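In the working numbering, the protein residues as written are 8 to 441.
Below: one structure, written as structure tokens.
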Amino acid sequence: MFPAEFINALRESIGPSRAERVLAALASEPEVSVRTNPFKLTPAQLRRHFGPLAGEAVPWAAGEGFYLTDRPSFTLDPLFHAGAYYVQEASSMYVGALFEQALSLLGRRGGLRVLDLCAAPGGKTTQLLSHLDDTSLLVANEVVPARATVLAENVARWGCANAVVTSSDPSAFTPLRGLFDIAVVDAPCSGEGMFRKDERAVAEWSLDTVRLCAARQRRILADVWPSLAPGAFLIYSTCTFNRLENEDNVAWIQSELGAECLQLRHFYPGEDRGEGFFAALLRKAGGVANPAASAPASASAVQAALTLVARRDLLKQFPAAFLRDLERLEKSLKVIASGTAVALRKGRDLIPEADYALAVRREGVDGLSYACVDLSREDALRFLSREALPLPDAPRGYLLLTFEGLGLGFVKNLGNRTNSLLPAGRRIRKSYSL
Ligand code: SAM
């Protein structure tokens, strides 16, 4: 099933008995796990939603992730479209634990600039957002344009306004000297941890690919390194098992770029419930711990952190403290989304934007409050498929449609019919029976 070269290399990298355990596990079914959006639901609420499918908590992400005993149709779950949870491979949720460690060593949770350099489709990005609030900024970058579009959609679904999505080569970050306090490089890799889920990963694997990936990872790391502040943290991760792309690269970061490795952890299928992952926490040389630790931001400070900005005819919510950073980012990078799109001005009309329905914070925008209609699952799926959804008993005008209280999107209610404001590209394409 697996190339002999892979089996030999695995034995050499991790030892023969561990390699046998991994190979045996790779022949079994993959795990399914989800991570709660803490701004929308509690894990207990999400567990109730999944009912008998909800399994054990992911041990290293106990406050947010849990396993499912079977794979439901996420596409046909309105809560998935409302951004109530993300379907994320369990071992990679360890990034959240390392991020918390970096925050506690920094001694502050607010006023941070965080980078997720290789971010699509958005697993780590949405997890990082869960651990931040609107007093910090997250830049999520994905170099491949089509993947960056998916990333922007997943960020919009998470509902946080404190994110900028970019689509640039890592070399474009080099001039942003000292900007970031924490960077995550979840690097493109040879994907040995994808073997159980994706046959292509097996077909594309070779020793040459491993060497090419390791060299590319070093190039990416060298490009982004100047944009980290002295004393900043780097979380470097891959979903592969070999030493070349993992320990050897961590050693290279320490010796060539100048960093201290604070923690390093492997996850192997057969030992940990997940597909396998490697993650290391490093600290760039040259900085001092911030002794003036600011307390976590209060709810009112977070509320006040967002401001409404106009970009041509588009109104957006964005954290006020980072408007100058946004200008700086726009000069160096291809910014494809920033903040939460709230409404589009058309003549005297303000048309609500689809992303505003998904926003965590919709209160406090003058003149932009909408009557809400909470839909049944059937009607929610009709809306998400852009099928006709007459709401004759609801008020006329723009309506915010919700499912179990969480925003899904907008329609304009004309009485005998509604016009959907759900972008065609976001509609469910799968056929379903109710
Ligand atoms: N962090 C993502 C998540 O949690 O959902 C997964 C990222 S995946 C392991 C690596 C990403 O790096 C891919 O989206 C890939 O398109 C991107 N990538 C490929 N080549 C790259 C390059 N030369 N520089 C930066 N990123 C690259």
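Glycine residues also receive a C-beta, built at the ideal position from the N, C-alpha and C atoms.
Values in this document were obtained by computation on a predicted structure and should not be read as measured data.
Would you mind reading off the limits of the alpha helix (DSSP H) that contains residue i?
i      : result
Thr132 : Gly130 to Ser137
Ala366 : Segment: none, Ala366 is in no alpha helix (DSSP H) and carries neither H nor E.
Tyr101 : Tyr101 to Leu113
Glu254 : Glu254 to Trp259
Ile242 : Premise fails: Ile242 lies in the beta strand (DSSP E), Leu235 to Thr245, not in any alpha helix (DSSP H).
Ala6   : Outside the modelled stretch of the chain, which goes from 8 to 441, sits residue 6, for which no answer is possible.
Gln52  : Pro50 to Phe57
Thr156 : Pro152 to Trp165
Phe73  : It is not in any alpha helix (DSSP H) - Phe73 instead sits in the beta strand (DSSP E) that spans Gly72 to Leu75.
Pro326 : Pro326 -> not in any alpha helix (DSSP H); beta strand (DSSP E) instead, spanning Leu321 to Pro326.
Leu86  : Pro85 to His88
Give me the residue from the options with the minimum Cα distance to residue i.
i      : options                           : result
Gly129 : Val172, Ser143, Leu415 and Ala348 : Val172
Ala378 : Leu333, Asp386 and Arg369         : Arg369
Ala69  : Glu411, Arg424 and Ala97          : Ala97
Gln270 : Leu264, Thr409 and Ala258         : Ala258
Asp188 : Arg164, Ile227, Val162 and Gly117 : Gly117
Ser213 : Asn423, Leu17, Leu415 and Arg436  : Leu17
Arg148 : Leu105, Cys125, Leu112 and His138 : A small fix is needed here, since residue 148 is Asn in this sequence, not Arg. When only C-alpha atoms are compared, the closest one is Cys125.
Asp386 : Arg25, Ala61, Leu228 and Leu86    : Leu86
Ala229 : Thr247, Asp176 and Val209         : Asp176
Leu315 : Gly414, Ala163 and Ala350         : Ala350
Leu260 : Gln224, Tyr275 and Asp279         : Note that residue 260 is Ile in the sequence shown here, rather than Leu. The option with the nearest alpha carbon to Ile260 is Gln224.
Ala127 : Asp141, Leu139 and Thr156         : Thr156
Tyr101 : Asp193, Arg154 and Val151         : Asp193
Leu60  : Lys47, Val146 and Val41           : Val41
Glu337 : Arg318, Arg352, Glu63 and Thr76   : Arg318
Leu30  : Thr49, Gly414 and Met8            : Met8
Leu322 : Ala221, Glu334, Ser339 and Leu357 : Leu357
Tyr120 : Val342, Ala327, Asp332 and Gly114 : Tyr is not the amino acid found at residue 120; the sequence shown has Arg there. Residue Asp332 is the option with its Cα nearest to Arg120.
Need the endpoints of the beta strand (DSSP E) that residue i sits in, please.
i      : result
Phe284 : Phe284 to Lys291
Thr43  : Val39 to Thr43
Asn148 : Leu144 to Asn148
Arg18  : Not the beta strand (DSSP E): Arg18 falls in the alpha helix (DSSP H), residues Ala11 to Ile21.
Phe274 : Ala266 to Phe274
Leu317 : The question names Leu, but residue 317 in the sequence shown is Ala. Unbroken beta strand (DSSP E) run through Ala317: Leu313 to Arg318.
Taking 7 Å as the threshold (beta carbon to beta carbon), is residue i in contact with chain B?
i     : result
Phe73 : In summary, chain B is missing from the structure at hand, where a single protein chain is found.
Worksheet item: Do the region 207-217 and the region 277-292 make contact, defined as three or more Cβ pairs closer than 8 Å?
Response: no
Worksheet entry | Ranges of the beta strand (DSSP E) found wholly within the region 167-219, counting only runs of at least 3 | 170-173 and 187-193
Worksheet entry | Complete runs of the beta strand (DSSP E) confined to the region 362-432 [at least 3 residues] | 378-381, 404-410, 413-420 and 425-427
Practice prompt. At 3 residues or longer, and completely inside the region 334-360: list those beta strand (DSSP E) runs for me, N to C.
Written response: 342-345, 347-353 and 356-359
Discussion item. With three or more beta-carbon pairs closer than 8 Å as the criterion, would you say the region 404-423 touches the region 352-364?
Written reply: yes
Worksheet item: Using 8 Å as the Cβ pair cut-off and three pairs as the minimum, do the region 95-109 and the region 272-291 touch?
Response: yes
Discussion item. For the pair the region 418-431 and the region 393-403, tell me if three or more CB-CB distances fall below 8 Å.
Written reply: yes
Item to complete: May I ask you to verify whether the region 237-245 touches the region 275-282, counting CB pairs closer than 8 Å and requiring at least 3?
Response: no
Fill in: Segment contact, 8 Å Cβ cut-off, at least three pairs: the region 35-50 with the region 70-78
yes
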